[in-house]
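Novice: For the sequence shown, our numbering assigns the number -10 to the initial residue and increments by one for each residue that follows.
All C-beta atoms, glycine included, are put in the ideal place defined by N, C-alpha and C.
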Amino acid sequence: MLTRPSCRERRSGHASSHVVRPQGWSCVAEGLSCRPSRTYRERMYTVGRVAELIGVPSTTLRKWEQRYGVVAPQRSSGNYRLYDDEAVRRLSVMRTLVDAGWSAHEAAQHVAVDVSAAAAEVARPEVPCTDPRIQEVVRCAVDFDVPALERLLAEAFVDGDHATTVDEWLLPAMVELGRAWQRGEVSVAGEHFVSAAVHRRLAQAFQSVPVVNPDGPRVVAGLARGSRHELGVLAFCLVLRSRGVSVTYLGGDLPLEAWVGTVRLLSPAAVVIAAPTVEDLPAVRELVEALTPMTSVFLGGAHQDQVDGPERLGHRAGAAASALAARLTAAG
């Protein structure tokens, strides 16, 4: 559910800067696992192309720009408006808030204060879980308890099935960690401490799973340009590889040109990407549009339902990866 600013926030002219973390395999409680953006040539978009990516008329975009100052586009040598990736992300969040019933004025104020906080106002699907170890993870973040956290992670990835671990404990624990941070129960450093440890453990587990059939179906997975929240898609890749599928994991924040070149080179049976936040949607839509003619595209993440075209994976990464593995194996 989207929530409008409180009366106190409206009077002060500021919206809360607390960020509500996403649910399911769209976990964004990553801290140090969010790698710095690599340096690439900045992409620029015309107003017509932005209108296509955002899904609103170009006249509306111009009104948001001129009346509310949501973005300040650059100008080409021919005096045409040009929008960079950050401007497109801001407009995407603006559109989502307006669609949810906010006035354009309120939405613009919220985006201006903190676009990430505004994006976090969007509801994420609930994935209920009752594993008592979830609260143990939060306690580790509060106390910076290295031995306890290492023990929890070691036991989780040694015992049982990876899909169950991911769906019933790991990603729900990351969601609860984000909520605890929002409530002020966990510090930013504590959240980073746990998230970095989880990222390391996921990467280690992924690398330790042998490639059973290198000549079998291959899946290329990762995140679109500007998207850096890797835990959910990396957990998905771990389960997929544990089910015997050859996985090429590209990580986060990969530009469109690199995606297209890699898919053209490898000719995978499928591509898996995610839409963890509202801000990711324009880049995800552009990527889906480019890759769909080349291979089968599957989409996960909290905001997968807002992207037309790809097959949606749902909000339980482990179950989705298991189902995709069975499907690819059966297809040969």
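Whole angstroms are fine: how far does the CA of Trp248 sit from the CA of Thr281?
Specialist: Each residue's Cα considered, the two are about 12 Å apart.
Novice: Do the CB positions of Pro271 and Arg78 come within less than 8 Å of each other?
Specialist: For Pro271 and Arg78, yes; Cβs fall inside 8 Å.
Novice: Which residue marks the beginning of the beta strand (DSSP E) containing Ser231, and which one marks its end?
Specialist: From DSSP, Ser231 is part of no beta strand (DSSP E) but of the alpha helix (DSSP H) over Leu220 to Ser231.
Novice: Do you know whose CA, among Gly303, Ala279 and Ala101, lies nearest Gly290's CA?
Specialist: The shortest C-alpha separation from Gly290 is found at Gly303.
Novice: Can you give me the C-alpha to C-alpha distance between Thr154 and Leu243, rounded to a whole angstrom?
Specialist: Cα-Cα distance, rounded: 28 Å.
Novice: When DSSP labels each residue in this structure, what does Glu278 get in the three-state scheme?
Specialist: Looking at Glu278 - three-state DSSP - the assignment turns out to be helix.
Novice: Could you compute how far the alpha carbon of His41 sits from the alpha carbon of Val87?
Specialist: Here the sequence assigns Glu to residue 41, which means His is not the residue at that position. Roughly 17 Å between the two C-alpha positions.
Novice: Please work out which residues of its chain come closer than 7 Å, Cβ to Cβ, to Gly44, disregarding the five sequence neighbours upstream and downstream, and give them in chain order.
Specialist: Taken in chain order, the residues that qualify are Arg84.
Novice: Please state the DSSP three-state secondary structure of Arg305.
Specialist: Here Arg305 sits in coil by DSSP.
Novice: Going by C-alpha distance, which of Leu138, Arg217 and Val267 is nearest Val183?
Specialist: When each option's Cα is compared against that of Val183, the closest is Leu138.
Novice: Tell me, which residues are paired with Thr237 by DSSP?
Specialist: Partner(s): Val209.
Novice: Return the first residue and the last residue of the alpha helix (DSSP H) that Arg79 is part of.
Specialist: Counting along the chain, the alpha helix (DSSP H) containing Arg79 begins and ends at Asp74 to Asp88.
Novice: Roughly how many angstroms separate the alpha carbons of Thr237 and Val208, rounded to a whole number?
Specialist: One C-alpha to the other measures close to 6 Å.
Novice: How about Ile123 and Pro62: are their beta carbons less than 8 Å apart?
Specialist: No; because the gap between Cβ atoms is not below 8 Å, this pair is not in contact.
Novice: Identify the residues that DSSP records as bridge partners of Val261: which are they?
Specialist: Per DSSP, Ala210 and Phe287.
Novice: Sorted by chain position, which residues of the same chain lie with C-beta nearer than 7 Å to Ser311's C-beta, five sequence neighbours on each side aside?
Specialist: Answer for Ser311: Ala152, Val228 and Arg232, listed in chain order.
Novice: I'd like to check one pair, Ala259 with Leu317: are the Cβ atoms closer than 8 Å?
Specialist: Yes, they are a contact pair.
Novice: Are there 16 or more other CB atoms within 10 angstroms of the CB of His292, so buried, or fewer, so exposed?
Specialist: Classification for His292: buried.
Novice: How is Tyr34 classed by DSSP in three states: helix, strand or coil?
Specialist: Strand, per DSSP.
Novice: In chain order, what residues of the same chain have a beta carbon less than 8 Å from the beta carbon of His94, not counting five sequence neighbours either side?
Specialist: The residues are Tyr57.
Novice: Here's the rule I'm using: 16 or more other beta-carbon atoms within 10 Å means buried, otherwise exposed. How should Arg172 be labelled?
Specialist: Exposed, since its Cβ has fewer than 16 Cβ neighbours within 10 Å.
Novice: Please name the residue in Arg274, Gly240 and Leu80 whose C-alpha comes closest to that of Thr49.
Specialist: For Thr49, the nearest C-alpha among the options comes from Leu80.
Novice: Would Val59 pass as a contact of Ala97 if the rule is Cβ separation under 8 Å?
Specialist: The answer is yes: Cβ separation under 8 Å.
Novice: What does the alpha-carbon distance come out to for the pair Val175 and Met163?
Specialist: Cα to Cα, Val175 sits roughly 12 Å from Met163.
Novice: Measuring alpha carbon to alpha carbon, tell me which of Leu254, Ala309, Leu141 and Leu220 ends up nearest Gly240.
Specialist: Answer by Cα proximity: Leu220.
Novice: To the nearest angstrom, how far is the alpha carbon of Arg140 from that of Thr35?
Specialist: Approximately 52 Å, taken between the alpha carbons.
Novice: Give the straight-line distance between the Cα atoms of Met283 and Val252, rounded to the nearest whole angstrom.
Specialist: Rounded to whole angstroms, Met283 to Val252 spans 8 Å at the Cα level.
Novice: Return the residue from the list Arg168, Leu142, Ala210 and Arg230 that minimises the CA-CA distance to His188.
Specialist: When only C-alpha atoms are compared, the closest one is Leu142.
Novice: For Arg214, tell me which candidate among Val201, Leu223, Ala192 and Val273 has the shortest Cα-Cα distance.
Specialist: The option with the nearest alpha carbon to Arg214 is Val273.
Novice: Which one of Ser65, Asp132, Val198 and Glu157 has the shortest CA to CA distance from Val177?
Specialist: Residue Asp132 is the option with its Cα nearest to Val177.
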